[in-house]
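Heads up, the thing below is written out as structure tokens.
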Amino acid sequence: MTVATPPLLAASALSFYRQDEPVFGPLQFELHPGQLALVEGDNGSGKTTLLRVLAGLLHVDEGELFWRGEPLQRDHCAAEIVFLGHQLALKGDLSPRENLHIAVGLHGVRDGMDPTRALREVGLAGYEDEPVRRLSAGQKKRAALARLLLVPATLWLLDEPYANLDRHGIALVNRLLEGHVAAGGAALVTSHGAVSFHGGEPQRIRMHA
Amino acid sequence: MSQAPLGRACAAVLRRDLTLAWRRRGDIAMPVLYALIVTTLFPFALGPENALLQRIAGGAVLVTVLLAMLLALDGMFRSDIEDGSLEQLVLAPQPLALMLGMKILAHWLTTALPLIVIAPMLASMLQLPAAAMPVMMLALALATPMLSLLGAVLVALTAGTRRSGMLLALMLLPLCVPVVIFAAGALAAAQQGLPWIAPIAWLGAALALALVLAPLACAAALRIALDA
Numbered sequence: 058m059t060v061a062t063p064p065l066l067a068a069s070a071l072s073f074y075r076q077d078e079p080v081f082g083p084l085q086f087e088l089h090p091g092q093l094a095l096v097e098g099d100n101g102s103g104k105t106t107l108l109r110v111l112a113g114l115l116h117v118d119e120g121e122l123f124w125r126g127e128p129l130q131r132d133h134c135a136a137e138i139v140f141l142g143h144q145l146a147l148k149g150d151l152s153p154r155e156n157l158h159i160a161v162g163l164h165g166v167r168d169g170m171d172p173t174r175a176l177r178e179v180g181l182a183g184y185e186d187e188p189v190r191r192l193s194a195g196q197k198k199r200a201a202l203a204r205l206l207l208v209p210a211t212l213w214l215l216d217e218p219y220a221n222l223d224r225h226g227i228a229l230v231n232r233l234l235e236g237h238v239a240a241g242g243a244a245l246v247t248s249h250g251a252v253s254f255h256g257g258e259p260q261r262i263r264m265h266a
Numbered sequence: 012m013s014q015a016p017l018g019r020a021c022a023a024v025l026r027r028d029l030t031l032a033w034r035r036r037g038d039i040a041m042p043v044l045y046a047l048i049v050t051t052l053f054p055f056a057l058g059p060e061n062a063l064l065q066r067i068a069g070g071a072v073l074v075t076v077l078l079a080m081l082l083a084l085d086g087m088f089r090s091d092i093e094d095g096s097l098e099q100l101v102l103a104p105q106p107l108a109l110m111l112g113m114k115i116l117a118h119w120l121t122t123a124l125p126l127i128v129i130a131p132m133l134a135s136m137l138q139l140p141a142a143a144m145p146v147m148m149l150a151l152a153l154a155t156p157m158l159s160l161l162g163a164v165l166v167a168l169t170a171g172t173r174r175s176g177m178l179l180a181l182m183l184l185p186l187c188v189p190v191v192i193f194a195a196g197a198l199a200a201a202q203q204g205l206p207w208i209a210p211i212a213w214l215g216a217a218l219a220l221a222l223v224l225a226p227l228a229c230a231a232a233l234r235i236a237l238d239a
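Chains as they are written, first to last, in the numbering used here: chain P, 58 to 266; chain L, 12 to 239.
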């Protein structure tokens with residue numbers, strides 16, 4: 058028996074209501090460092106809502122969240138969570154590099170990383186100084202993914218990271234996730250498509266409408 | 012790993028907003044042109060008598076600047092809500108109120124400061140006596156941040172509604188009344204050669220209060236807007 062380390066993030070009987078209508082729940086799951094969880098469900102089953110609750114954008118209606126075994130407090134874990142939603146938080150008038158500078162300013166930066174390198178790794182070399190509004194939807198997504206590489210977060214909350222991406226882009230997301238998980242990070246990913254992930258069997262969280 | 016220090020986060024937010032404003036510098040010119048045109052309307056409407064214009068000059072410039080600021084207010088958080096930047100600001104480890112304070116500062120620098128710069132020109136178009144000019148500048152320097160802060164709270168409160176421009180004006184203008192009374196009171200006193208420090212001190216006190224409370228109120232209102 059090894060000494061049990063507390064899970065990075067745990068939810069117990071987590072539910073969310075919108076005007077007394079249940080959106081999801083009750084949900085029960087544990088996410089350990091080095092683990093990937095796929096949130097699966099049909100459109101409207103509350104995948105995005107779950108991620109927004111976990112990120113702290115929506116309040117928890119019922120149930121509890123635990124961060125490293127302690128009741129979750131936003132002040133303590135905000136620096137360790139990065140959220141990538143449908144809205145990519147990119148400013149059209151700024152270049153990808155300038156957009157990443159904001160993320161660095163707010164969240165700090167991983168050792169040995171810088172915006173130029175992160176952009177190169179997501180395949181945007183040569184587009185660093187182009188205004189984001191001139192990029193394609195897939196390139197914008199890649200610019201947003203570069204933020205994941207750049208900021209030192211343990212938990213990634215990714216809402217539909219595969220949307221708008223081509224074959225290489227999908228491979229890129231898988232590669233980013235594999236690298237993150239291998240480095241001891243954890244990720245919660247929503248997707249209604251098939252995901253081919255090669256870094257071990259991901260945990261699956263089923264959402265019921 | 013290196014955590015982002017608070018100062019750097021503030022600088023990053025401020026720099027981004029100023030860069031964005033600079034990329035769209037046409038928008039900065041808009042309130043300035045508006046104030047210029049409104050001021051030229053006064054002599055046309057009231058007749059070009061110096062004595063009359065002198066009497067209304069201070070108040071007219073004050074109200075014109077206020078209305079010009081209202082024009083640009085509505086966009087303070089809109090693009091950030093639409094593109095998700097606000098979510099990232101809310102989720103950032105830094106205190107949201109401080110980050111919003113930086114945004115309000117950037118907004119004041121890009122909308123109110125140009126208006127303060129042209130205010131002496133507006134005032135001299137209306138024949139404001141040169142002696143009252145420094146008091147007017149002082150009153151504007153205290154009144155405009157006040158309006159930016161009050162406006163920011165209302166923009167945050169109306170963040171969820173579509174076409175909030177008119178609603179915003181209806182909500183903000185009544186709140187401006189004390190600001191206008193004290194600023195205009197100081198100006199009138201200065202023009203009559205009376206002591207004007209008391210109303211200015213009141214404005215300063217109100218600004219100090221707003222500086223502390225408005226960003227907090229703004230943060231709470233925006234959290235509610237995102238939670239909907």
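Even for Gly, the Cβ is constructed at its ideal location relative to N, Cα and C.
{"Query": "Host beta strand (DSSP E) of P/Y74 (start-end)", "Result": "66-75"}
{"Query": "C-alpha gap between P/T105 and P/R263, whole angstroms", "Result": "13 Å"}
{"Query": "Three-state secondary structure (DSSP) of P/M58", "Result": "Residue confidence is low: P/M58 scores 43 on pLDDT, short of 50, so the model does not pin down where it sits. No coordinate-derived value is stated."}
{"Query": "Exposed unless 16 or more other CB atoms sit within 10 angstroms - verdict on P/A210", "Result": "buried"}
{"Query": "For P/R261, three-class secondary structure by DSSP", "Result": "strand"}
{"Query": "Beta-carbon contacts of L/M12 that lie in its chain and below 7 Å, excluding the five residues immediately before and after", "Result": "At L/M12 the pLDDT is 45, less than 50, meaning the model places this residue with poor confidence; the figure from the coordinates comes in the next sentence. Cβ neighbours of L/M12 beyond the five flanking positions: none."}
{"Query": "Through-space distance from P/H89 to P/G165, alpha-carbon basis", "Result": "23 Å"}
{"Query": "Cβ-based burial, L/M110 [other Cβ within 10 Å; buried from 16]", "Result": "buried"}
{"Query": "Where P/L245 falls: helix, strand or coil (DSSP)", "Result": "strand"}
{"Query": "Contact list for P/G103 against chain L, beta-carbon separation under 8 Å", "Result": "By Cβ distance, chain L contributes nothing, its closest Cβ being about 16 Å from P/G103, past 8 Å."}
{"Query": "Residues within the stretch 141-172 of chain P neighbouring chain L, beta-carbon criterion of under 8 Å", "Result": "G142, H143, Q144, L145, A146, L147, K148, G149, D150, L151, E155, H158, I159, A160, V161, G162, L163, H164, G165, V166, R167, D168"}
{"Query": "P/G180 vs P/L147 beta-carbon contact at 8 Å", "Result": "no"}
{"Query": "Per-residue DSSP class, three states only, for P/F86", "Result": "strand"}
{"Query": "Close-in-space but distant-in-sequence residues of the same chain around P/L202 (CB under 8 Å, 5 per side omitted)", "Result": "L141, V179, P218, L229, V230, L233"}
{"Query": "Three CB pairs or more closer than 8 Å across the stretch 154-170 of chain L and the stretch 111-118 of chain L", "Result": "yes"}
{"Query": "Proximity test, P/G98 beta-carbon vs the ligand HEM heavy atom, cut-off 7 Å", "Result": "Only the bare structure without any ligand can be found here, which leaves the ligand HEM out of the picture."}
{"Query": "Neighbouring residues, chain L, relative to P/A240 (Cβ below 7 Å)", "Result": "Ordered by position in chain L, no residue passes the 7 Å Cβ test against P/A240, which lies about 12 Å from the chain."}
{"Query": "Proximal residues of chain P, C-beta to C-beta of L/R94 below 9 Å", "Result": "The question names Arg, yet the displayed sequence has Asp at residue 94 of chain L. Chain P residues near L/D94: Q144, L145, A146, L147, K148, G149."}
{"Query": "Contact with chain L by P/E112, beta-carbon distance below 8 Å", "Result": "According to the sequence as given, residue 112 of chain P is Ala; it is not Glu. It does; some Cβ of chain L falls within 8 Å."}
{"Query": "Beta-carbon gap between L/L218 and L/M148 smaller than 8 Å", "Result": "no"}
{"Query": "Cβ shell of P/V139 (< 8 Å), same chain only, five flanking positions each side left out", "Result": "H164, R204, L205, V208, A210, L212, W213, L214"}
{"Query": "Those residues which DSSP pairs with P/A94 across a bridge", "Result": "P/L245, P/Q260"}
{"Query": "Segment contact flag, the stretch 88-95 of chain L with the stretch 132-143 of chain L, C-beta cutoff 8 Å, min 3 pairs", "Result": "no"}
{"Query": "Neighbour list for L/A103 in chain P, Cβ cutoff strictly below 8 Å", "Result": "A135, L163, H164"}
{"Query": "Chain L within 8 Å of P/H116, Cβ atoms only", "Result": "yes"}
{"Query": "Buried/exposed call for P/Q85, threshold 16 Cβ in 10 Å", "Result": "exposed"}
{"Query": "Close Cβ partners of L/A195 (< 7 Å) along its chain, the five nearest in sequence each way excluded", "Result": "G69, G70, L73"}
{"Query": "Three-way DSSP call (helix, strand, coil) for P/V117 in this model", "Result": "coil"}
{"Query": "Residue interval of the beta strand (DSSP E) (run including L/D38)", "Result": "No beta strand (DSSP E) contains L/D38, which is instead part of the alpha helix (DSSP H) from 36-57."}
{"Query": "Contact list for the stretch 156-180 of chain L against chain P, Cβ threshold 7 Å", "Result": "none"}
{"Query": "Supposed contact pair P/G91 and P/A243 - C-beta distance, whole angstroms, cut 8 Å", "Result": "7 Å"}
{"Query": "Neighbour flag for L/T30 against chain P, beta carbons, 8 Å", "Result": "yes"}
{"Query": "Burial state of P/R75, where buried means 16 or more other Cβ atoms lie within 10 Å", "Result": "exposed"}
{"Query": "Rounded C-alpha distance that separates L/R234 from P/A112", "Result": "13 Å"}
{"Query": "Residue from L/D28, L/G18, L/S159 with nearest C-alpha to L/C187", "Result": "L/S159"}
{"Query": "Status (buried if at least 16 other CB within 10 Å, exposed otherwise) for L/T172", "Result": "exposed"}
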